[in-house]
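Enquirer: Quick one: the structure is below, questions incoming.
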Ligand code: MG
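In this note's numbering, the protein residues as written are 594 to 1093.
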């Protein structure tokens, strides 16, 4: 069956192709700036990217296009895919209309200055230089929230930019369940098999050997070479040019090889989402993943649910032994323990599966208070340290491992952090449903990775952005973001030490 039957929708998808082409070029230029661009290309490239985003805005707000979308909205009997097109375009047109370009420009300008100041302030371990920028970025975000509009809280408008339909009260309900639950499990894990450090964290590797590991693992899980790439960048990411050109990166730090390997597996999850979208949606407004939370669910699923397991360790061990060598004196059990170590750390990006969401809970509360003007930016470091002490029992030694550790606020981004936890939740919901059909450890041991992919395609990937995140979860999992599923998964894996 052809998905787009309605003549107005067909016309929209044809007209949209030019807008898609601008996005395509934008993605490729962004990818290139991280991978190949010579250092001095940066100023020309930022002008090119800024001009392309102006062009994008012009095209999507063209009277002719906007009225076509209006017309489409009034069409009767649109199917799931067709109404998805209207939902996504209406949302985008609204966002573009409501935020004045001057405000976006101001945010862009302030955050590029803030980024430099933040880097220096973090290196000097001093909060004061960054404070005026934080104040201004909070103000600008409040202005954006006011322009966008909201029903309950200004923070809702910001959350909705990253996760369609997410409200402050949804996020609060999630963290109200997770915080006590995780604290309780962490106490039980303390002193057990998974708790502490592993000597493999300090062992050095050769970049070329590790590259061979990553490539062989990708081959094993059937990363499609003719439609996808693996490259190197300091901060691993995934970018999609379209359904047939998806690219991931990883990094090689030279020690603690799991960091390079699990970056690959994480980004592979993001890439697989984009690669498994129904081909009929290619070049349309719904031909990409629907939200950051659902996207992160796909990456965490491969990184944690599939790969951070004894079954996967056994399957991957011959590859490690062949290329790295030093792993051969460790048993699969021991390497699995290295993959799954739990230890409270002040740094979010180094956190394990159990403590990770505690870091997000803290950021959610602070952001929400800043945007509601219940917390003054100058008080952030103290509140941060106190919450850290209360939640994880550790105190950052200075602000570089406290309130200044992340780049998000310096980028002018507020409301993004909760999507990381939504991702972990979505991964656990997928795990529960798949496990109800076939045991995941059996699928992994028999290398039936295609069966896992088919399950993901059927339940999530095929839809692209046709369904909103909440509708997608309701349709495929019969519920909304379920923090209970995440707690069950953590309990099974880390408290009971059971295979699933
Ligand atoms: Mg990710």
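Positions of the beta carbon are idealized from the N, C-alpha and C atoms, including for glycine.
Bear in mind the structure is a predicted one, so any value in this text is a computation, not a measurement.
1) Do residue 926 and residue 903 have their C-beta atoms within less than 8 angstroms of each other?
2) Whose C-beta lies closer than 7 angstroms to the C-beta of residue 966 among residues of the same chain, with five residues either side of it excluded?
3) Which whole-angstrom value describes the C-beta separation of residue 996 and residue 898, a residue pair presumed to lie in contact below a C-beta threshold of 8 angstroms?
4) Identify, in the order they occur along the chain, each residue of the same chain with its Cβ nearer than 6 angstroms to the Cβ of residue 679, setting aside the five sequence neighbours on each side.
5) With a CB to CB cut of under 7 angstroms and the five nearest residues on each side skipped, what residues in its chain are close to residue 1063?
6) Given that a residue counts as buried once 16 or more other Cβ atoms are within 10 Å of its Cβ, and exposed if not, what is residue 753?
7) Quick check on residue 996: does DSSP put it in helix, strand or coil?
8) Cβ of residue 612 within 8 angstroms of Cβ of residue 653?
9) For residue 662 and residue 686, which I take to be in contact (beta-carbon distance under 8 angstroms), what is that distance rounded to the nearest angstrom?
10) Counting only runs that start and end within the segment 1022-1053, where is the alpha helix (DSSP H) found for 4 or more residues in a row?
11) State the DSSP-derived secondary structure class of residue 1006, mapped to helix, strand or coil.
12) What's the C-alpha gap between residue 777 and residue 1080?
13) Could you tell me the distance, in whole angstroms, from the CA atom of residue 859 to the CA atom of residue 892?
14) Could you please give the first and the last residue of the uninterrupted alpha helix (DSSP H) stretch that includes residue 641?
15) How far does the alpha helix (DSSP H) with residue 835 in it reach, from first residue to last?
16) Considering only residues of the segment 852-905, which uninterrupted alpha helix (DSSP H) runs meet the minimum length of 4 residues and lie entirely inside it, listed in chain order?
17) For residue 673, does the three-state DSSP call read helix, strand or coil?
18) Taking only the alpha-carbon atoms, compute the straight-line gap between residue 945 and residue 1092 and give it to the nearest angstrom.
19) On the criterion of 16 or more Cβ atoms from any shown chain inside 10 Å, does residue 714 qualify as buried, or is it exposed?
20) Have a look at residue 1054 and residue 882 and give me their C-alpha separation to the nearest angstrom.
21) Return helix, strand or coil for residue 762, following the three-state DSSP convention.
22) Among 976, 836, 735 and 721, which residue has its Cα nearest to the Cα of residue 867?
23) Can you check DSSP and say which residues form a bridge with residue 797?
24) Check for me: the alpha helix (DSSP H) holding residue 605 runs from which residue to which?
25) Between residue 859 and ligand 1, is the CB less than 7 angstroms from at least one heavy atom?
26) Got a sec? Which residues, its chain only, sit under 7 angstroms from residue 729 by beta carbon, not counting five neighbours each side?
27) Looking only at C-alpha atoms, which of 973, 887, 1025 and 983 sits nearest to residue 1013?
28) Short of 7 angstroms in beta carbon distance, which residues of its chain neighbour residue 1036, apart from the five on each side in sequence? Order them along the chain.
29) Taking C-alpha atoms, which residue in 632, 658 and 672 lies nearest to residue 598?
30) So residue 947 and residue 935 are in contact, right, with Cβ under 8 angstroms, and what is the actual spacing, rounded?
31) Would you list the one or two residues that DSSP bridges to residue 843?
32) Using a Cβ-Cβ cut-off of 8 angstroms, state whether residue 820 counts as contacting chain D.
33) Quick one: using the 10 Å Cβ neighbour count with 16 as the cut-off for buried, is residue 811 buried or exposed?
34) Kindly examine ligand 1 and report whether one of its heavy atoms sits closer than 7 angstroms to the Cβ of residue 826.
35) Please classify residue 828 as buried or exposed, where buried requires at least 16 neighbouring CB atoms within 10 angstroms.
36) Within this structure, are the beta carbons of residue 747 and residue 739 separated by less than 8 angstroms?
Expert: Answer, in terms of the structure:
1) Within the chain shown, the letter at position 333 stands for residue 926. Within the chain shown, the letter at position 310 stands for residue 903. Their beta carbons are under 8 angstroms apart, which means residue 926 touches residue 903 by this criterion.
2) Within the chain shown, residue 966 is the residue found at index 373, counting from 1. If we look at residue 966 and ignore the five residues flanking it on each side, it has no Cβ neighbours.
3) As a position in the chain shown, residue 996 is number 403, starting the count at 1. As a position in the chain shown, residue 898 is number 305, starting the count at 1. The C-beta separation of residue 996 from residue 898 comes to about 31 angstroms, leaving the pair out of contact by the 8 angstroms criterion.
4) Here residue 679 is taken as the residue at index 86 of the chain shown, counted from 1. If we look at residue 679 and ignore the five residues flanking it on each side, its Cβ neighbours are 665 and 666.
5) If you number the chain shown from 1, residue 1063 lands on position 470. The residues are 758 and 1073.
6) Here residue 753 is taken as the residue at index 160 of the chain shown, counted from 1. Counting Cβ neighbours within 10 Å, residue 753 comes out buried, since at least 16 surround it.
7) In the chain shown, residue 996 corresponds to position 403, counting from 1. In this structure, residue 996 counts as coil in the three-state DSSP scheme.
8) For the purposes of this step, residue 612 is taken as residue 19 along the chain shown, with counting starting at 1. For the purposes of this step, residue 653 is taken as residue 60 along the chain shown, with counting starting at 1. Yes.
9) Position 69 of the chain shown, counted from the first residue, corresponds to residue 662. Position 93 of the chain shown, counted from the first residue, corresponds to residue 686. Contact flag correct, Cβ pair sits at about 6 angstroms.
10) Listed in chain order, the complete alpha helix (DSSP H) runs (minimum 4 residues) inside the segment 1022-1053 are 1033-1038 and 1042-1052.
11) In the chain shown, counting from the first residue as 1, residue 1006 sits at position 413. If DSSP states are grouped into helix, strand and coil, residue 1006 belongs with coil.
12) Counting from 1 along the chain shown, the entry for residue 777 is found at position 184. Counting from 1 along the chain shown, the entry for residue 1080 is found at position 487. Between residue 777 and residue 1080, the C-alpha separation is close to 10 angstroms.
13) In the chain shown, residue 859 corresponds to position 266, counting from 1. In the chain shown, residue 892 corresponds to position 299, counting from 1. Residue 859 and residue 892: Cα-Cα distance of roughly 4 angstroms.
14) One-based indexing of the chain shown puts residue 641 at position 48. Unbroken alpha helix (DSSP H) run through residue 641: 635-653.
15) Taking the first residue of the chain shown as position 1, residue 835 is located at position 242. In the DSSP annotation of this structure, residue 835 is not part of any alpha helix (DSSP H); the continuous beta strand (DSSP E) holding it starts and ends at 831-835.
16) Complete alpha helix (DSSP H) runs here, min 4: 885-893.
17) Locating residue 673 in the chain shown gives position 80, where the first residue counts as 1. Residue 673: helix per DSSP, three-state reduction.
18) The residue labelled residue 945 in the question sits at position 352 within the chain shown. The residue labelled residue 1092 in the question sits at position 499 within the chain shown. Looking at the two C-alpha atoms, the distance is approximately 18 angstroms.
19) Numbered from its first residue, the chain shown carries residue 714 at position 121. Looking at its Cβ environment, which holds 16 or more other Cβ atoms inside 10 Å, residue 714 is buried.
20) Position 461 of the chain shown holds residue 1054. Position 289 of the chain shown holds residue 882. Distance from the CA atom of residue 1054 to the CA atom of residue 882, rounded to whole angstroms, is 8 angstroms.
21) For the purposes of this step, residue 762 is taken as the residue at position 169 of the chain shown. Looking at residue 762 - three-state DSSP - the assignment turns out to be helix.
22) Locating residue 867 in the chain shown gives position 274, where the first residue counts as 1. Minimum Cα distance to residue 867 is reached at 836.
23) Translated into the one-based positions of the chain shown, residue 797 becomes position 204. In DSSP, residue 797 forms a bridge with 848.
24) Your numbering for residue 605 matches position 12 in the chain shown. Counting along the chain, the alpha helix (DSSP H) containing residue 605 begins and ends at 600-628.
25) In the chain shown, counting from the first residue as 1, residue 859 sits at position 266. Taken from the Cβ of residue 859, at least one heavy atom of ligand 1 lies inside 7 angstroms.
26) On the chain shown, residue 729 is found 136 positions in, with the first residue counted as 1. In its chain, beyond the 5 residues on either side, 703 have a beta carbon closer than 7 angstroms to the beta carbon of residue 729.
27) Within the chain shown, the letter at position 420 stands for residue 1013. Among 973, 887, 1025 and 983, the Cα nearest to that of residue 1013 is on 887.
28) Translated into the one-based positions of the chain shown, residue 1036 becomes position 443. Within the same chain, and ignoring the five residues on either side of residue 1036 in sequence, the residues whose Cβ sits closer than 7 angstroms to its Cβ are 1044 and 1045.
29) Locating residue 598 in the chain shown gives position 5, where the first residue counts as 1. That would be 672, whose Cα lies nearest to the Cα of residue 598.
30) Locating residue 947 in the chain shown gives position 354, where the first residue counts as 1. Locating residue 935 in the chain shown gives position 342, where the first residue counts as 1. With a contact defined as Cβ atoms closer than 8 angstroms, residue 947 and residue 935 qualify at about 5 angstroms.
31) In the chain shown, the residue the question calls residue 843 occupies position 250. Residue 843 is bridged to 825.
32) The question asks about chain D, but that chain is absent: this structure has only one protein chain.
33) Here residue 811 corresponds to residue number 218 of the chain shown, with the count starting at 1. Flag for residue 811 reads buried.
34) The residue you call residue 826 lines up with position 233 of the chain shown. Not so, every heavy atom of ligand 1 lies at least 7 angstroms from the Cβ.
35) Within the chain shown, residue 828 is the residue found at index 235, counting from 1. Classification for residue 828: exposed.
36) Mapped onto the chain shown, residue 747 falls at position 154. Mapped onto the chain shown, residue 739 falls at position 146. In this structure, residue 739 lies closer than 8 angstroms to residue 747 by Cβ.
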